[in-house]
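First residue of the sequence shown: 1, per UniProt numbering; consecutive thereafter.
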Amino acid sequence: MMNNGGHSSSAAFRCLVRRKRVDAATPTTQTLATQQLARKLSLFDLVAIGVGATIGAGVYILVGTVAREHTGPSLTVSFFIGGLAAALSAFCYAELACRCPSAGSAYHYSYVCIGEGVAWLIGWALILEYTLGGAAVARGVVPNLASFFGGVDKLPSILARQTIFGIVVDPGAAILVVIITALLCTGIKESSLAQAIITTVNISALVFIIFAGAYLGCKTGWPGYEVSSGYFSFGVNGLLAGSATVFFSYIGFDIVASTAEEVKNPQRDMPLGIGFAVSICVILYMLVSAVIVGLVPYYALDPDTPISSAFAGYGMAWAVYIITAGAVTALCASLIGAIIPQVSVGTLLSFTVVALSILILRYVPPDPFLPSDQQSNVSDQHLDAFETDVAGIPLIQNDVAQDKLRRRKLAAWSITMVCFGILVVVAAISTEGLSSILCFILSGIGGMLVICCLTVLNSIDQAGTKESFTKSGGFMCPFVPFLPVASVLINTYLLLNIGAQTWIRVLIWLGVGVIIYIFYGRGHSLLFDDVRRPITHTNDDHADATLS
Numbered sequence: 001m002m003n004n005g006g007h008s009s010s011a012a013f014r015c016l017v018r019r020k021r022v023d024a025a026t027p028t029t030q031t032l033a034t035q036q037l038a039r040k041l042s043l044f045d046l047v048a049i050g051v052g053a054t055i056g057a058g059v060y061i062l063v064g065t066v067a068r069e070h071t072g073p074s075l076t077v078s079f080f081i082g083g084l085a086a087a088l089s090a091f092c093y094a095e096l097a098c099r100c101p102s103a104g105s106a107y108h109y110s111y112v113c114i115g116e117g118v119a120w121l122i123g124w125a126l127i128l129e130y131t132l133g134g135a136a137v138a139r140g141v142v143p144n145l146a147s148f149f150g151g152v153d154k155l156p157s158i159l160a161r162q163t164i165f166g167i168v169v170d171p172g173a174a175i176l177v178v179i180i181t182a183l184l185c186t187g188i189k190e191s192s193l194a195q196a197i198i199t200t201v202n203i204s205a206l207v208f209i210i211f212a213g214a215y216l217g218c219k220t221g222w223p224g225y226e227v228s229s230g231y232f233s234f235g236v237n238g239l240l241a242g243s244a245t246v247f248f249s250y251i252g253f254d255i256v257a258s259t260a261e262e263v264k265n266p267q268r269d270m271p272l273g274i275g276f277a278v279s280i281c282v283i284l285y286m287l288v289s290a291v292i293v294g295l296v297p298y299y300a301l302d303p304d305t306p307i308s309s310a311f312a313g314y315g316m317a318w319a320v321y322i323i324t325a326g327a328v329t330a331l332c333a334s335l336i337g338a339i340i341p342q343v344s345v346g347t348l349l350s351f352t353v354v355a356l357s358i359l360i361l362r363y364v365p366p367d368p369f370l371p372s373d374q375q376s377n378v379s380d381q382h383l384d385a386f387e388t389d390v391a392g393i394p395l396i397q398n399d400v401a402q403d404k405l406r407r408r409k410l411a412a413w414s415i416t417m418v419c420f421g422i423l424v425v426v427a428a429i430s431t432e433g434l435s436s437i438l439c440f441i442l443s444g445i446g447g448m449l450v451i452c453c454l455t456v457l458n459s460i461d462q463a464g465t466k467e468s469f470t471k472s473g474g475f476m477c478p479f480v481p482f483l484p485v486a487s488v489l490i491n492t493y494l495l496l497n498i499g500a501q502t503w504i505r506v507l508i509w510l511g512v513g514v515i516i517y518i519f520y521g522r523g524h525s526l527l528f529d530d531v532r533r534p535i536t537h538t539n540d541d542h543a544d545a546t547l548s
């Protein structure tokens with residue numbers, strides 16, 4: 001009788017899942033299904049989108065600023081360290097892009113793994129970032145275009161900035177936004193083609209900088225590396241500070257994850273696209289920085305136009321036009337990606353949530369009762385484990401189920417305490433005016449907490465879907481739990497050191513988002529339609545279980 005009851009409950013569970021999937025075929029959902037995004041993007045398209053959105057105008061400015069203030073000639077090493085930090089987040093994005101191929105990117109991942117409230121805040125923060133980032137990028141195009149016309153004063157009136165009632169109006173930026181918006185509305189394939197063309201021009205400009213600069217450096221003996229202060233002019237602290245700054249020049253690869261629903265083969269191409277995009281950016285950044293700081297001593301670099309000024313100093317004023325073309329196309333590519341690589345709180349928050357989502361999926365996988373559009377991505381992977389927990393099973397198997405529950409609770413608490421420990425460590429290190437003794441004590445306590453909880457997580461078996469998911473061709477983030485925790489640590493450090501004024505503005509924006517969610521979003525949530533309905537056990541259920 002126990003076995004019959006187990007089969008009946010198992011069949012009932014399968015029946016419920018099937019019924020919910022039948023519900024997904026209602027006219028409303030069928031209408032939505034016909035409006036799904038077309039899968040037209042290839043691996044090349046993904047790499048072009050990722051590189052184009054990542055290599056913005058920041059590299060044309062950060063080279064001078066970071067070398068002068070933080071690193072000196074060792075700028076190349078800082079770009080390498082920043083690239084490694086970005087790669088940690090890229091690994092996490094790659095796995096989630098395979099597990100949950102949805103256009104929602106970080107919003108969708110946090111919705112599935114953490115909850116609707118957190119997902120709302122992540123989406124709300126990214127709205128602010130994309131809006132301000134797009135506006136800032138658009139405003140930066142006109143001053144660069146002025147170089148082709150011989151100066152800002154010679155710009156056509158339709159592009160020149162005007163002051164109306166004390167407000168500066170930039171018609172050139174507005175025209176560019178309209179053109180880019182129209183391009184994106186034509187379809188993903190057309191916009192990705194434009195992105196590929198713009199990215200090709202941008203990369204060509206960077207390749208020109210590398211080869212022309214290498215020729216000048218070999219001809220002049222690389223004077224920038226012969227400074228009296230040595231290669232590490234500002235020491236290790238300056239090197240790490242520079243790495244934290246240039247990390248923002250890698251932000252943008254995550255835009256690849258938002259195109260998941262439009263990729264022909266997402267499980268294969270998403271991780272490859274993200275990996276290739278980050279790798280190309282790391283190589284280009286390192287080579288450009290190595291050339292520029294070698295041509296001109298770091299203290300003589302122009303903080304605003306370091307690259308063009310370096311070539312102009314060697315009598316190559318004509319090269320300024322090529323470099324300016326690269327800067328303009330980089331701005332256009334960043335605008336298509338709707339992102340700017342400086343002080344991006346929303347993206348850092350999403351990076352952190354994505355890393356935490358990996359830990360949750362591996363150790364505390366979400367409940368199969370999710371909205372219908374998510375069941376096919378998540379619930380199938382955990383169906384068997386959940387059936388074992390809920391079915392009427394013998395006492396021995398029931399003990400196993402209870403043991404699983406205890407391990408889930410232990411893993412959940414360990415993940416929570418790891419986050420708390422990281423926050424304590426980073427806060428102690430980042431707080432100015434804190435005595436060295438107190439900083440050492442707090443850092444030690446937080447560090448020990450992180451190490452102990454990591455040890456516990458490493459000893460807990462990960463979700464049983466790992467092997468089957470790997471066999472199905474899906475990418476798995478390596479070195480879990482250590483890699484995601486390292487990503488959370490780096491992102492938290494960058495977040496806490498991003499500046500008080502920026503945080504004040506962001507907190508005001510997030511506060512508005514919380515109010516909207518509490519008084520409107522929560523009451524109109526689609527989760528209210530996902531009701532767990534009672535099930536009537538029938539003989540058909542047993543037959544269903546036998547057939548399945």
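Cβ coordinates follow ideal geometry from the N, Cα and C atoms, glycine included.
Quick caveat, the model's predicted, so the values are computed rather than measured.
Exercise for the section: Give me whichever residues DSSP pairs with T163 in a beta bridge. Expected result: According to DSSP, residue pairing for T163 in a beta bridge involves V168.
Handout entry: Boundaries of the alpha helix (DSSP H) in which F440 is found, first to last residue
Key = Membership of F440 in the alpha helix (DSSP H) is indicated by the continuous run 436-459.
Handout entry: Residue from L84, E129, A146 with nearest C-alpha to I280
Key = The candidate whose alpha carbon is nearest that of I280 is L84.
Problem - Closer than 8 Å to chain D by CB, L295 - result: The chain labelled as chain D is not found in the depicted structure, where only one protein chain is given.
Problem - Rounded Cβ spacing between I122 and L349 (contact assumed at less than 8 Å) - result: That belief holds up - the Cβ atoms of I122 and L349 are roughly 6 Å apart, short of 8 Å.
Problem - Proximity of S357 and S74 at Cβ, strictly below 8 Å - result: In this structure, S74 does not lie closer than 8 Å to S357 by Cβ.
Practice task
Classify V480 as helix, strand or coil using the three-state DSSP reduction.
Solution key: Of the three classes helix, strand and coil, the one that applies to V480 here is coil, per DSSP.
Practice task
Run the CB neighbour count on C185, radius 10 Å, all protein chains shown included, and call it buried at 16 or more, exposed below.
Solution key: Its Cβ having fewer than 16 others within 10 Å, C185 is exposed.
Practice task
Measuring alpha carbon to alpha carbon, tell me which of A86, A138, F149 ends up nearest D254.
Solution key: D254 has its Cα closest to that of A86, out of A86, A138, F149.
Problem - Buried versus exposed call for Y93 [16 or more other C-beta atoms within 10 Å across all chains shown] - result: Buried.
Exercise for the section: Consult DSSP for L383 and reduce its assignment to one of helix, strand or coil. Expected result: With a pLDDT of 41 at L383, under the threshold of 50, the predicted position of this residue should be treated as unreliable, and no value is reported.
Problem - L527 (DSSP reduced to helix, strand or coil) - result: Assigned with DSSP and collapsed to three states, L527 falls in helix.
Problem - CB of A106 within 8 Å of CB of V480, strictly - result: In this structure, V480 does not lie closer than 8 Å to A106 by Cβ.
Handout entry: According to DSSP, residues forming a beta bridge with L41
Key = Answer is V263, bridged to L41.
Exercise for the section: Spatial neighbours of V66 within its chain, please: CB distance less than 7 Å, with the 5 preceding and 5 following residues excluded, ordered by chain position. Expected result: Excluding positions up to five away in sequence, the list reads L75, S78, G242, T245, V246.
Exercise for the section: Give the DSSP-derived three-state secondary structure of G315 in the structure shown. Expected result: If DSSP states are grouped into helix, strand and coil, G315 belongs with coil.
Practice task
Identify every run of the alpha helix (DSSP H) within the stretch 289-313, keeping only runs that are complete inside it and at least 4 residues long; order them along the chain.
Solution key: The stretch 289-313 contains these whole alpha helix (DSSP H) runs: 306-312.
Practice task
Would you kindly check if the distance between the Cβ of G50 and the Cβ of V256 is under 8 Å?
Solution key: Going by C-beta atoms, V256 is nearer than 8 Å to G50.
Problem - Of the residues N497, L410, M476, the one placed nearest L423, counting alpha carbons only - result: With distances taken between Cα atoms, L423 lies closest to N497.
Problem - 6 Å Cβ shell around S309 - same chain, five flanking residues per side excluded - result: Taken in chain order, the residues that qualify are D302.
Practice task
Answer with buried or exposed for G273, where buried requires no fewer than 16 other C-beta atoms within 10 angstroms of its C-beta.
Solution key: Buried, because 16 or more other Cβ atoms sit within 10 Å of the Cβ of G273.
Problem - Sub-8 Å separation of V141 and A173 beta-carbons - result: For V141 and A173, yes; Cβs fall inside 8 Å.
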